[in-house]
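Visitor:
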Amino acid sequence: MEKQSFSDGLFSPLGIKRVIFMLVLLTTSFISCSNSDEKGGSLEVAQEYRNLEFDARGSRQTIQIDGPAEWHISTSESWCKSSHTIGEGKQYVNITVEANDTQKERTATVTVSASGAPDIIINVKQSLYSVPAYDEYIAPDNTGMRDLTSMQLSALMKAGVNVGNTFEAVIVGNDGSLSGDETCWGNPTPNKVLFEGIKAAGFDVVRIPVAYSHQFEDAATYKIKSAWMDKVEAAVKAALDAGLYVIINIHWEGGWLNHPVDANKEALDERLEAMWKQIALRFRDYDDRLLFAGTNEVNNDDANGAQPTEENYRVQNGFNQVFVNTVRATGGRNHYRHLIVQAYNTDVAKAVAHFTMPLDIVQNRIFLECHYYDPYDFTIMPNDENFKSQWGAAFAGGDVSATGQEGDIEATLSSLNVFINNNVPVIIGEYGPTLRDQLTGEALENHLKSRNDYIEYVVKTCVKNKLVPLYWDAGYTEKLFDRTTGQLHNAASIAAIMKGLN
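Numbering (UniProt numbering) for the sequence shown: 1 to 502.
Below is the structure:
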């Protein structure tokens, strides 16, 4: 072996220089690679996530982004949202689209970007809303269906009255069975002169609450007796002939809808659809002065006083969607008919916080319905409880409620502007205080004044906020009209309503 001198070895000046050069080169390469990993490099979104399709109801899909230390994401349309605007490395991102109420397919793009890498474009497509047609479907027919939005129609309706405790009257047996007819709660069958009297007094609208479940020909299929439909139709026709707008609904019926939980949803939806299909087909040929209202005061009878859950709200909102889909699926004039959907328990605060507008195949043909019975102890508390007989500033310090006075009425009803300002009209489908006719003397006199002051104030506040108020007339001693003759029975309360309108 040849002997190597110290001066030529690793520790010679030349060798040391070589070592230093190699260390510098390695360090530079490491830093360069590190910077490349941090500042740029590959950005990946798998091909399966590059084209996202959503149905019209709106939903969420999850994608995976695999990128460098920092990447950014943006969307082209406000209805398409990303759970992240910035991220790093490998992360899951939710892409959420809102319900499509535009009556056309729509598209958006999601852009993922990072420094030093080409942008990645994700294409988003959302279908338009459609409903399957029934065998009985006929082509849309706009005869007698004016080119009016529901907001425009509401401006023509002004004020109305319920013919209550009549067609919705049922007798509930100990076994839960339903029976009875429109007279079983003591009111007569509504007739032509009643509706003419309502119109002559200055009202534009009549709401006719209706029950059907006590009149099933076949309970297994929810088939309604033709004879019962004939009775309801006769009343509807008489009211229309009198020049009134008419609203019919499915009203209480023993409360079978009052179990809005997922476990019951399929069965309740099926029954609601079967019933509304029959009603919609029976009344399909009437013009736009006839409006359908899906349900009434749906709540949860099983709650035992507890507040509604998100599940309760979601299922009840789903009833509205079933109703709208069913009516539209019959075609004809029902394609264009103005429909009325309900807030949970028709409660104003719950409407503002939890109502979801159903999708529709036509635009601007849906009203929202709420009811107003505040303060409870003045309006509808039973007579055998500690009710309040007076209301309003004129009786401050007297037998008045702690809540539900003028300021509360203003605040509650004006909160519905969140719908009005978005072109969703609101009907106050029921309001009105019980008449405490067991009172006598000055107590009765003050009570009657309080009732009429209250009625006027509610109507005035509704008008101010572009709401349509419908007085709850249950018949009996507090009725506005004699149900047989159509003559005024409570002229003072009718005058209070008309004063509130002006």
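By construction, the Cβ of each residue, glycine as well, lies at the ideal position given by its N, Cα and C atoms.
Based on the DSSP secondary-structure assignment, which residues constitute the bridge partners of residue 514?
Guide: Any question about residue 514 goes unanswered here, given that the chain covers just 1 to 502.
Visitor: Please state whether the Cβ-Cβ distance between G180 and H214 is less than 8 Å.
Guide: Taking the first residue of the sequence shown as 1, we reach residue 180 at position 180. Taking the first residue of the sequence shown as 1, we reach residue 214 at position 214. Contact flag set, yes.
Visitor: Bridge partners for N51 per DSSP, in chain order?
Guide: On the sequence shown, position 51 is the one that residue 51 refers to. N51 pairs with N123.
Visitor: Taking only the alpha-carbon atoms, compute the straight-line gap between N325 and V341 and give it to the nearest angstrom.
Guide: One-based indexing of the sequence shown puts residue 325 at position 325. One-based indexing of the sequence shown puts residue 341 at position 341. Each residue's Cα considered, the two are about 12 Å apart.
Visitor: Could you tell me whether the Cβ atoms of V327 and L368 are closer together than 8 Å?
Guide: Position 327 of the sequence shown holds residue 327. Position 368 of the sequence shown holds residue 368. Not closer than 8 Å, so no.
Visitor: Would you report the Cα separation of S127 and E385, rounded to the nearest angstrom?
Guide: By 1-based counting over the sequence shown, the position of residue 127 is 127. By 1-based counting over the sequence shown, the position of residue 385 is 385. Taking the straight line from one Cα to the other gives about 55 Å.
Visitor: Based on DSSP bridge pairs, tell me the residues matched to N423.
Guide: For the purposes of this step, residue 423 is identified with residue 423 of the sequence shown, where counting begins at 1. Answer is none; N423 lacks a bridge partner.
Visitor: Are the Cβ atoms of K199 and L153 separated by less than 8 Å?
Guide: The residue given as residue 199 occupies position 199 in the sequence shown. The residue given as residue 153 occupies position 153 in the sequence shown. Going by C-beta atoms, K199 is not nearer than 8 Å to L153.
Visitor: With respect to the alpha helix (DSSP H) encompassing I409, which residues constitute its N-terminal and C-terminal limits?
Guide: Working through the sequence shown from its first residue, we reach residue 409 at position 409. Here the alpha helix (DSSP H) through I409 covers E406 to S414.
Visitor: By Cβ distance, which residues of its chain are closer than 7 Å to L23, with the 5 residues on each side in sequence left out?
Guide: For the purposes of this step, residue 23 is identified with residue 23 of the sequence shown, where counting begins at 1. Any reading at L23 must be qualified, since the residue scores a pLDDT of 44, below 50, and its modelled position is unreliable; no value is offered.
Visitor: Below 8 Å CB to CB, which residues in the same chain sit around K225 once its five sequence neighbours on both sides are set aside?
Guide: Here residue 225 refers to the residue found at position 225 when the sequence shown is read from its first residue. Contacts found: Q215, F216 and E217.
Visitor: State the Cα-Cα distance for the pair L488 and S389, rounded to the nearest angstrom.
Guide: Counting from one through the sequence shown, the residue named residue 488 turns up at place 488. Counting from one through the sequence shown, the residue named residue 389 turns up at place 389. Looking at the two C-alpha atoms, the distance is approximately 24 Å.
Visitor: Going by other Cβ atoms of all chains shown within 10 Å of its Cβ, with 16 needed for buried, is S493 buried or exposed?
Guide: One-based indexing of the sequence shown puts residue 493 at position 493. Result: buried.
Visitor: Taking only the alpha-carbon atoms, compute the straight-line gap between H84 and E456 and give it to the nearest angstrom.
Guide: As a working note, residue 84 is residue 84 in the sequence shown. As a working note, residue 456 is residue 456 in the sequence shown. Those two C-alpha atoms are separated by around 52 Å.
Visitor: Among W79, A69 and E48, which residue has its Cα nearest to the Cα of S59?
Guide: Position 59 of the sequence shown holds residue 59. Closest option to S59, Cα to Cα, is W79.
Visitor: State the DSSP-derived secondary structure class of Y373, mapped to helix, strand or coil.
Guide: By one-based count along the sequence shown, residue 373 stands at place 373. Correct three-state label for Y373: coil.
Visitor: Pick helix, strand or coil for A114, following the three-state DSSP scheme.
Guide: Here residue 114 refers to the residue found at position 114 when the sequence shown is read from its first residue. Three-state DSSP puts A114 in a strand.
Visitor: Check I497 in the structure and name its three-state DSSP category.
Guide: Position 497 of the sequence shown, counted from the first residue, corresponds to residue 497. It is helical.
Visitor: Excluding five sequence neighbours on each side, which residues of the same chain lie with their C-beta closer than 6 Å to the C-beta of N490?
Guide: Counting from one through the sequence shown, the residue named residue 490 turns up at place 490. So the qualifying residues of the chain are L480.
Visitor: So, helix, strand or coil for R146, using DSSP?
Guide: Counted from its first residue, the sequence shown places residue 146 at position 146. In this structure, R146 counts as coil in the three-state DSSP scheme.
Visitor: Can you tell me whether DSSP reads Q316 as helix, strand or coil?
Guide: Start at 1 with the first residue of the sequence shown, and residue 316 comes out as number 316. The answer is helix: DSSP assigns Q316 an H, G or I state.
Visitor: Please tell me whether R314 and L339 are closer than 8 Å, where the distance is taken between their beta carbons.
Guide: For the purposes of this step, residue 314 is identified with residue 314 of the sequence shown, where counting begins at 1. For the purposes of this step, residue 339 is identified with residue 339 of the sequence shown, where counting begins at 1. No. Outside cutoff.
Visitor: Classify K466 as helix, strand or coil using the three-state DSSP reduction.
Guide: Here residue 466 refers to the residue found at position 466 of the sequence shown. Here K466 sits in coil by DSSP.
Visitor: Where do the ends of the beta strand (DSSP E) carrying L268 lie?
Guide: The sequence position of residue 268 within the sequence shown is 268, counting from 1. No beta strand (DSSP E) contains L268, which is instead part of the alpha helix (DSSP H) from D262 to R282.
Visitor: At what residue ranges does the stretch 433-460 contain a whole run of the beta strand (DSSP E), taking only runs of 3 or more?
Guide: Listed in chain order, nothing qualifies, since the stretch 433-460 has no complete beta strand (DSSP E) run of 3 or more residues.
Visitor: DSSP three-state call for F195: helix, strand or coil?
Guide: To locate residue 195, count along the sequence shown from 1; it is residue 195. Looking at F195 - three-state DSSP - the assignment turns out to be helix.
Visitor: How about V112 and I73: are their beta carbons less than 8 Å apart?
Guide: Along the sequence shown, one-based indexing puts residue 112 at 112. Along the sequence shown, one-based indexing puts residue 73 at 73. Yes, the Cβ-Cβ distance between V112 and I73 is below 8 Å.
Visitor: So, using beta-carbon positions, are N320 and G294 closer together than 8 Å?
Guide: Mapped onto the sequence shown, residue 320 falls at position 320. Mapped onto the sequence shown, residue 294 falls at position 294. In contact: N320 and G294 (Cβ atoms closer than 8 Å).
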